[in-house]
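A short write-up of the structure that comes next.
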Amino acid sequence: MGNYAKTESTHYLQVALPTPLRRVFDYLPPKSGIDALSPGIRLKVPFGPRKLIGILIAITTKTDIPPCSLKHAEHVLDEQPIIPRDLLDLCRWVAHYYHHSLGETLSTAIPVALRQGKPVAQQTRKLWRLTYPAAEVPSNIARNAKLQLAAWQLLKQHLKGLHEPMLKSLGVSSQTLSALEKKGEVECILEELPTLHTMPQSILHEAPLTLNPEQAHVVQQIRQAAQQFQTFLLQGITGSGKTEVYLQLIEHTLKAGRQALVLIPEIGLTPQTLHRFEQRFAVPIVVIHSGLNDSERFLAWQKAIDYRAGIIIGTRSAVFTPLAKPGLIIIDEEHDASYKQQDSLRYSARDIAIYRARQTNIPIVLGSATPSLETIHNAKAHRYRHLRLNQRAGMAKPPSIELLNIRGETLQAGLSSALQQKITQHLEKDQQVLIFINRRGYAPTLLCHECGWAADCPDCDAHLTIHRQPAHLHCHHCDYQQPIPERCGRCNTASLFPVGAGTERIEDFLIGQFDPTPVIRIDRDSTRGKSRLQQLFKDIHQGEPAILVGTQMLAKGHHFPKVTLVAILDADSGLFSSDFRGLERLGQLITQVAGRAGRGTLAGEVVIQTHHPESPILNSLVTEGYDTFANTLLAEREKLGLPPYGYIGLFRVECKKHEEGEQLLLQLRELINQFLQHNNLNGPLGVTLLGPLPAPMEKRQNWYRWQMLVSSPARQPLHTAIAFAVHQLEGGNQMLVKLARKLRWSVDIDPQDMM
């Protein structure tokens, strides 16, 4: 296309719009000119028949589009940029690295209210006070105006004035205040909202704990890197006091007049984390996660950017929160797969956080008892500073771990008789027991005893899970639900029975077997509702004998001091995963779940039920620990050129007609191979393509799924090949574009889920 230069001082606006297209769009300035424009403001622009709200990226004097075909931006929504320069630059990098639309990336980064064009709230608050504070009685209020008299008397008791929210909470309406203002009895003062600069000097509610020598060394090492970029891997065994290290690092950051961003993997951890932080710190703290409504999220976002919050705690999406004075980033449980977004913009919050720390020149701490293999590799290569906490805090000792052979055993709801005896022993000592199985529902399959028919999801390649509370069959992949049939769908006999055990079935069995001991089930089904999970945790922390049954929600960061026995029922499933990360995740999960045992003063015991007690990988984990286990996996990955010794991207295609996905990827593969050959990027040191192949779950939500893996020992060739492929799909090859329009396709950089 041609390059149209500046004519008669013409300027062009480059605007990012919330569309899937990986490009910015050129517009002419609004009729009011460009004087009030700067990157980061919002504009309302015409886009086909629609009006969209976009973000101004740049003002330029050149365009590739004929100026006569450009449209004017219609409205300027902001006087000042709502997206600060560092966040704008971060989003540019994210869009480039993940080969995603910049407009959609920015939409991910900002609150819904801003996407919808709503105004940024004024950073002021209303203070109401008496106009004549010395007056004994009001001169302009009628005796029968009782509401006005009551408001006047209230303000008479608070001569410095009261803020409007406080007055409203005391029953004084806006109408009453307006009426008093018109009569000259009260006046309204607009105050700037307080920032951390204007808040009390003390930042602590309670004194920090005394650190043990290991903790003190870690804190000292990280403090020395304050106000400069460095990535620290803090590898601390479960119960080693990582949280206290975090708190003291944050204290140091706050005293330096800076803010701390703390990422946690699950919403379920937010209340206990927030409680711990609020107990310690006297500065405003905000939380950001998907459980907030739009206005709550917007308010938290504004407090962070206006320096009205010192600590920002959040899940994955909080990594985009703008900070007025960034000082420290902490990623707790950095290995957790939930830091990777699995749809739309498939970003890693951990990796973005590291880039952001480098961008703002601040330290970042990656904390975990079971670091990811990528993180361990970076520490071995001295890209990260590796710090360790090898001792449990206080008097707690590491638990004993046993591989319990269940080969040939008769299991009741997944529990062996030996495990049931151990449960009895611990309950008789007034202790608590945790039973872990990563499978919710009553049973994973409904099977016919006569003909072998299984109840399958009509829209997915998956069995329907049986639920009893309430009774129904449920697909955990697409949310399809149906009543439980009384007869077989094939032979019409009534010989249907549940196969396998989920949390509900185990709960039922334990209630019958160990009555009256309370059985507390914690999974996604039992914790619906804002306060349900907190209530269950409150019940657990009463310390009475109880049996906890749950999924991986129980494995992440929770502290149960009375739990002395942890049982893992189904460790074998991770031994045979089709995902190359399956063994890594199995080791992390077992180690994390085992870490819930014996965290108080009582000794802990861990029992892992397995049909493969001779498994070298399980024995390595149990007898030699996570480090040896991880090093074994790293050696295998290196031989195969898998991450972290290589880089991968995954093209996914979903189609209604089975053959169309394969057809698209075959054509794309041919184009990529031609490109690689032309640019000398093929061969063992270049880019390799695997596929197209059906996804391990070939059908989901009534879409057939195909994928093609792109890999390379170096990052740059991989991204060059993927950028070429994306360009072909978006317009570079018209035949491919025509076929792609019938389908859904996406690209996933550094994929964590290959299913």
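For what it's worth, UniProt numbering labels the leading residue of the sequence shown as 1, then goes sequentially.
C-beta: ideal position from N, C-alpha, C; glycine also.
Tell me the rounded alpha-carbon separation between residue 35 and residue 54.
Those two C-alpha atoms are separated by around 18 Å.
For residue 497, name the three-state secondary structure that DSSP assigns.
Residue 497 falls in the strand class under three-state DSSP.
Closest to residue 280 by CA distance: which of 202, 314 and 92 is it?
Closest option to residue 280, Cα to Cα, is 202.
Do you know whose CA, among 32, 62, 69 and 64, lies nearest residue 48's CA?
Selected option, being the one with the closest Cα: 69.
Closest by CA to residue 519, which one among 381, 573, 571 and 432?
With distances taken between Cα atoms, residue 519 lies closest to 432.
Give the list of continuous alpha helix (DSSP H) stretches no shorter than 4 residues that lie fully inside the stretch 122-204.
Listed in chain order, the complete alpha helix (DSSP H) runs (minimum 4 residues) inside the stretch 122-204 are 146-156, 164-169 and 174-182.
Residues in the same chain with beta-carbon distance under 7 Å from residue 273, minus the five sequence neighbours each way, listed in chain order, please.
Excluding positions up to five away in sequence, the list reads 264 and 313.
From which residue to which residue does the alpha helix (DSSP H) around residue 735 run?
734-740 is the extent of the alpha helix (DSSP H) around residue 735.
From the DSSP output, which residues share a beta bridge with residue 744?
Beta-bridge pairing links residue 744 to 654.
Would you decide whether residue 748 is buried or exposed? Buried here means 16 or more other CB atoms lie within 10 Å of its CB.
Buried is the call here.
Using only alpha-carbon positions, find the residue among 160, 42 and 154 that is nearest to residue 169.
Closest option to residue 169, Cα to Cα, is 154.
Rounded to a whole number of angstroms, what is the C-alpha to C-alpha distance between residue 119 and residue 466?
C-alpha separation (whole angstroms): 48 Å.
Return the first residue and the last residue of the alpha helix (DSSP H) that residue 428 is part of.
Where residue 428 is concerned, the enclosing alpha helix (DSSP H) stretches over 417-428.
Heavy atom of the ligand FMN less than 7 Å from the Cβ of residue 537, yes or no?
In the structure on display, the ligand FMN does not appear, and there are no ligands present to speak of.
Quick check for students: name the residue ranges of the beta strand (DSSP E) that lie wholly in the stretch 455-515, counting only runs of 3 or more.
Runs found: 465-468, 471-474 and 496-499.
Indicate the three-state DSSP secondary structure (helix, strand or coil) for residue 67 in the structure shown.
Correct three-state label for residue 67: helix.
Just verifying my parser: in three-state terms, what is the DSSP assignment at residue 31?
Correct three-state label for residue 31: coil.
Please classify residue 516 as buried or exposed, where buried requires at least 16 other C-beta atoms within 10 Å of its C-beta.
The residue is exposed, with fewer than 16 neighbouring Cβ atoms inside 10 Å.
Going by CA-CA distance only, name the one from 235, 591 and 342 that's closest to residue 436.
Closest option to residue 436, Cα to Cα, is 591.
Using CA coordinates, which residue listed in 116, 510, 227 and 249 is at the minimum distance from residue 204?
Of the candidates 116, 510, 227 and 249, the one whose C-alpha sits nearest the C-alpha of residue 204 is 249.
Rounded to whole angstroms, what's the CA-CA distance from residue 177 to residue 262? Just pull it up for me.
Answer to the nearest angstrom: the Cα atoms are 41 Å apart.
Buried or exposed, going by whether 16 or more other CB atoms sit within 10 Å of the CB of residue 190?
Exposed, by the Cβ-count rule.
From the DSSP output, in three-state form, read off residue 753 for me.
Residue 753: coil per DSSP, three-state reduction.
Given a cut-off of 8 Å on the beta-carbon distance, is the pair residue 472 and residue 483 in contact?
Yes.
Can you confirm whether the stretch 404-418 touches the stretch 521-536 when touching is taken to mean that 3 or more C-beta pairs between the two stretches lie within less than 8 Å?
Because the criterion of three Cβ pairs below 8 Å is not met, the stretch 521-536 and the stretch 404-418 do not touch.
Determine the extent of the beta strand (DSSP E) in which residue 687 is found, giving its start and end residues.
Looking at the DSSP string, residue 687 is not in any beta strand (DSSP E), and its letter there is neither H nor E.
If I'm right that residue 551 touches residue 610 with Cβ under 8 Å, what's the distance once you round it to whole angstroms?
Not a contact, Cβ separation roughly 19 Å.
At what residue ranges does the stretch 359-412 contain a whole run of the beta strand (DSSP E), taking only runs of 3 or more?
For the stretch 359-412, whole beta strand (DSSP E) runs of length 3 or above, ordered along the chain, are 363-368, 385-389 and 400-405.
So for residue 273, helix, strand or coil by DSSP?
Residue state, collapsed to three classes: helix.
Along the chain, where does the alpha helix (DSSP H) containing residue 703 start, and where does it finish?
Premise fails: residue 703 lies in the beta strand (DSSP E), 703-712, not in any alpha helix (DSSP H).
To which residues of the same chain is residue 391 closer than 7 Å at the C-beta, ignoring the five residues directly before and after it?
Cβ within range, chain order: 212, 214 and 240.
Taking 8 Å as the threshold (C-beta atoms), are residue 660 and residue 744 in contact?
The answer is no: Cβ separation not under 8 Å.
Alpha carbons only, please: which of 210, 498 and 253 is nearest the one belonging to residue 364?
Residue 253 is the option with its Cα nearest to residue 364.
Return the first residue and the last residue of the beta strand (DSSP E) that residue 44 is part of.
Residue 44 -> beta strand (DSSP E) spans 42-47.
Let's test the definition: count the other Cβ atoms within 10 Å of the Cβ of residue 148 and tell me whether it reaches 16, buried, or not, exposed.
By the 10 Å Cβ count, residue 148 comes out buried.
Are the CB atoms of residue 589 and residue 555 within a distance shorter than 8 Å?
Against a cut-off of 8 Å, the Cβ pair of residue 589 and residue 555 comes out as a contact.
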